[in-house]
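Asks: Please read through the structure below; I'll follow up with questions.
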Ligand SMILES: Cc1cc2nc3c(=O)[nH]c(=O)nc-3n(C[C@H](O)[C@H](O)[C@H](O)COP(=O)(O)OP(=O)(O)OC[C@H]3O[C@@H](n4cnc5c(N)ncnc54)[C@H](O)[C@@H]3O)c2cc1C
Ligand SMILES: Nc1ncnc2c1ncn2[C@@H]1O[C@H](COP(=O)(O)O)[C@@H](O)[C@H]1O
């Protein structure tokens, strides 16, 4: 019987849907699942976490320390909770938040960590993760008493496993630390879906031509409850913010549906969206390389096809 | 000011990777500076150009990495240390321990720059382990950097386009993301000068470290590309109608 801790990410006290896949990865033959929560209302998360097999919700606090402003102390508090509840496995989302905290925990405990995992096998302490931005998949064996893994959003299909979750308050003695302090969080202008967790992404490349023109992609994405992405050229040309760049030097995304509009299909772009379930390309050049490595294609002008697609989706 | 930059020698992201045997790949392809490390090198160069001091590159890699080290030296760095190993893939804890030892032996720095991720093994943790070993703060995914009054201020990208503003005491580790700066192109005179800059080569065995190897690469598998697209023809309205039907009814990826 393995005790597995899962670090839960919340926004405004709500458990993000992307956590359900991570909780599912923690399921196994009689595994005891501990949800680690910091800075969120544990009672309010009880029902939804129970649905995915959580037996205990550990609501973690630092003794007087602001864990959100001091990630090193947050890592320390998580380590204290892992020791208290004897959880030898710690899973989290491979988001910027999850990777950051897991890296701090792993470095401090001097234990193995794998990020951006596509799957984990807790019983054999192995994970599968991309090497060379999705051109190959590596299987890694983790040696040691602890096993930490950050799992790519949408990589594991969520499966319910109802359990009764009990809320336990845990206060860790973390002391203080002023070496690193988060001074401020600058909110993004829009409350849109985070690209790396989106189920549907509509992306635009060079021919979009301006910031205003991204509107046609936004309307199309909105019609499917999705998010908008961009190629590096659109970002470098200033049509889109860097935060929505998909690819090697941008975001790694893993949606169910990826629609590439006016994107040629470079290796570096594919590095970011290769694992999407279905890839559709809309391109005016029938010989565009992207058509050789996607699922469906429409040869045409994005300024005609995309609005028509939006209209069709509204039907 | 003394600044270290961690630079990894990696395959060109545009190169085809061909898996060989259980867990290796055909290395007779082009190697270059890890793309994120280019931002690190640039930021270090700008800092020292402003404040004075020296930029020291540190690479752990095969002997062939010397080519990449030389090209990195043309980007505003002063000298380099190359620790030679016989493997492209090292465990992150081991790499960090090696980097730490080299830096301790060379003498302390005010700031250490690295990349947020190596594009080959994508471990995304070496910089954190190095910082922990040196017992100094670390921020990764950094897109903005400044120094004032012995404090480093960085901006770091987090989910959904939000950014964190972080303050760290010095020395510290800063792991760069795209957007931090626009790396320079080397000019011919810089390339020529780089040939004469000092590169100290140290064999890993001579560092006298005991490495722990927490992770083991068991297998590496090729991921086949998708076969070509099914092209949906006809009029624009007919085409999008058929596409939506496929996405809803056959693929079931939208509702
Ligand atoms: C180290 C490195 C890292 C990189 N990282 C990234 C990354 O993270 N993300 C990324 O995207 N790229 C990245 N790149 C850049 C990459 O190599 C390509 O240059 C880039 O992806 C091309 O962007 P694009 O497809 O928008 O533009 P282009 O390659 O110019 O393609 C535009 C496409 O639009 C089509 N088109 C033109 N007009 C229309 C129209 N009206 N309607 C329909 N189609 C039309 C054209 O046929 C063409 O196929 C990186 C490169 C390097 C070297
Ligand atoms: N072998 C290496 N030699 C020098 N620096 C490295 C090496 N491996 C990783 N790094 C540094 O650590 C960063 C993150 O790498 P990783 O944690 O392996 O994804 C890289 O961008 C480099 O700055």
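Chains as they are written, first to last, in our numbering: chain U, 129 to 443; chain G, 36 to 290.
Positions of the beta carbon are idealized from the N, C-alpha and C atoms, including for glycine.
Would you list, in chain order, the members of the region 332-365 of chain U that have their beta-carbon closer than 7 Å to a beta-carbon of chain G?
Replies: Flagged, chain order: 352.
Asks: Which residues does DSSP list as the beta-bridge partners of residue 148 of chain G?
Replies: In the DSSP output, where bridge partners are listed per residue, residue 148 of chain G has G:40 and G:209.
Asks: Along chain G, which residues have their Cβ under 8 Å away from the Cβ of residue 268 of chain U?
Replies: 250, 251, 252 and 253, listed in chain order.
Asks: I want to check one thing, is the minimum distance from the CB of residue 162 of chain G to the heavy atoms of ligand 2 below 7 Å?
Replies: Correct: residue 162 of chain G has its Cβ closer than 7 Å to ligand 2.
Asks: Is residue 383 of chain U near ligand 1, judged by its Cβ being under 7 Å from some heavy atom?
Replies: Answer for residue 383 of chain U: no, Cβ out of range of ligand 1.
Asks: Mapping DSSP to helix, strand and coil, what is residue 335 of chain U?
Replies: Of the three classes helix, strand and coil, the one that applies to residue 335 of chain U here is helix, per DSSP.
Asks: So, helix, strand or coil for residue 226 of chain G, using DSSP?
Replies: Note: residue 226 of chain G maps to helix in three-state DSSP.
Asks: Return the residue from the list U:442, U:231, U:134 and U:173 that minimises the CA-CA distance to residue 142 of chain U.
Replies: Of the candidates U:442, U:231, U:134 and U:173, the one whose C-alpha sits nearest the C-alpha of residue 142 of chain U is U:173.
Asks: Mind reading off the beta-carbon distance from residue 218 of chain G to residue 77 of chain G? Whole number of angstroms is fine, and I expect it under 8 Å.
Replies: The Cβ separation is near 4 Å, so the contact holds.
Asks: Would you mind working out which of G:122, G:41 and G:97 sits nearest residue 138 of chain G, comparing C-alpha positions?
Replies: For residue 138 of chain G, the nearest C-alpha among the options comes from G:41.
Asks: Is the beta carbon of residue 187 of chain U sitting closer than 8 Å to the one on residue 170 of chain U?
Replies: Yes; because the gap between Cβ atoms is below 8 Å, this pair is in contact.
Asks: For the region 243-276 of chain U, which residues have a CB atom closer than 8 Å to at least one CB atom of chain G, in sequence order?
Replies: Going along the region 243-276 of chain U in chain order, one finds 243, 244, 254, 257, 258, 259, 260, 261, 262, 263, 264, 265, 266, 267, 268, 269, 270, 271 and 272 with a Cβ nearer than 8 Å to chain G.
Asks: For chain U, find out if any of its Cβ atoms is closer than 8 Å to the Cβ of residue 55 of chain G; answer yes or no.
Replies: Closer than 8 Å: no.
Asks: Quick check on this structure: which residue in U:189, U:422 and U:254 has the alpha carbon closest to the alpha carbon of residue 265 of chain G?
Replies: The shortest Cα separation from residue 265 of chain G among U:189, U:422 and U:254 belongs to U:422.
Asks: Please go through the same chain and pick out, in chain order, the residues whose beta-carbon is closer than 6 Å to the beta-carbon of residue 155 of chain U, but skip the five residues on each side of it.
Replies: So the qualifying residues of the chain are 181 and 289.
Asks: Looking at the secondary structure, which residues open and close the beta strand (DSSP E) in which residue 114 of chain G lies?
Replies: Taken as a continuous stretch (DSSP letters only), the beta strand (DSSP E) holding residue 114 of chain G covers 114-119.
Asks: For residue 134 of chain G, verify whether its CB is less than 7 Å away from any heavy atom of ligand 2.
Replies: True, at least one ligand heavy atom lies under 7 Å from that Cβ.
Asks: Start and end of the beta strand (DSSP E) containing residue 177 of chain G?
Replies: Here the beta strand (DSSP E) through residue 177 of chain G covers 173-183.
Asks: Within 10 angstroms of its Cβ, does residue 102 of chain G collect 16 or more other Cβ (buried), or is it exposed?
Replies: Flag for residue 102 of chain G reads exposed.
Asks: Assuming residue 148 of chain U is part of the alpha helix (DSSP H), what are its boundary residues?
Replies: Looking at the DSSP string, the run of the alpha helix (DSSP H) that includes residue 148 of chain U is 147-154.
Asks: Determine, using beta carbons only, whether residue 52 of chain G and residue 263 of chain U come nearer to each other than 8 Å.
Replies: Taking 8 Å as the Cβ cut-off, residue 52 of chain G and residue 263 of chain U qualify as a contacting pair.
Asks: Mind checking whether residue 104 of chain G and residue 146 of chain G have CB atoms under 8 Å apart?
Replies: Result no, Cβ atoms of residue 104 of chain G and residue 146 of chain G do not sit closer than 8 Å.
Asks: Taking Cβ positions only, does residue 213 of chain G come closer than 8 Å to chain U?
Replies: For residue 213 of chain G, the answer is yes, since a Cβ of chain U falls inside 8 Å of its Cβ.
Asks: Which of the three DSSP states, helix, strand or coil, is assigned to residue 164 of chain G?
Replies: If DSSP states are grouped into helix, strand and coil, residue 164 of chain G belongs with the helices.
Asks: Once you ignore the five residues that flank residue 190 of chain U on each side, which residues in its own chain have a CB closer than 7 Å to its CB?
Replies: Correct list, in chain order: 201, 205, 300 and 302.
Asks: Considering only DSSP beta bridges, list what residue 235 of chain G is partnered with.
Replies: Answer by DSSP bridge pairing, in chain order: G:116.
Asks: Count Cβ pairs between the region 110-118 of chain G and the region 246-264 of chain G that sit closer than 8 Å; are there 3 or more?
Replies: Too few Cβ pairs lie closer than 8 Å, so no.
Asks: Indicate, with yes or no, if ligand 2 has a heavy atom lying under 7 Å from the CB of residue 157 of chain G.
Replies: Yes, the Cβ of residue 157 of chain G comes within 7 Å of a heavy atom of ligand 2.
Asks: Please tell me whether residue 231 of chain U and residue 163 of chain G are closer than 8 Å, where the distance is taken between their beta carbons.
Replies: Closer than 8 Å, so yes.
Asks: Under 8 Å between the Cβ atoms of residue 71 of chain G and residue 150 of chain G?
Replies: In contact: residue 71 of chain G and residue 150 of chain G (Cβ atoms closer than 8 Å).
Asks: Just to confirm before moving on: does the CB-CB distance between residue 95 of chain G and residue 120 of chain G stay below 8 Å?
Replies: The answer is yes: Cβ separation under 8 Å.
Asks: Given this structure, state the Cα-to-Cα distance separating residue 270 of chain G from residue 376 of chain U, to the nearest angstrom.
Replies: Near 35 Å, if we compare the C-alpha coordinates of residue 376 of chain U and residue 270 of chain G.
Asks: Given a limit of 8 Å on CB to CB distance, which residues of the region 56-82 of chain G reach chain U?
Replies: Of all residues in the region 56-82 of chain G, 58, 60, 70 and 71 have a Cβ within less than 8 Å of some Cβ in chain U.
Asks: Report the option in U:280, U:277 and U:328 whose CA atom is closest to the CA atom of residue 283 of chain G.
Replies: Of the candidates U:280, U:277 and U:328, the one whose C-alpha sits nearest the C-alpha of residue 283 of chain G is U:328.
Asks: By the criterion of Cβ-Cβ separation under 9 Å, what are the contact partners of residue 225 of chain U in chain G?
Replies: Correct list: 193 and 194.
Asks: Which residues, taken in chain order from the region 103-133 of chain G, show a beta carbon closer than 9 Å to some beta carbon of chain U?
Replies: Answer in chain order: 124, 126, 127, 128 and 131.
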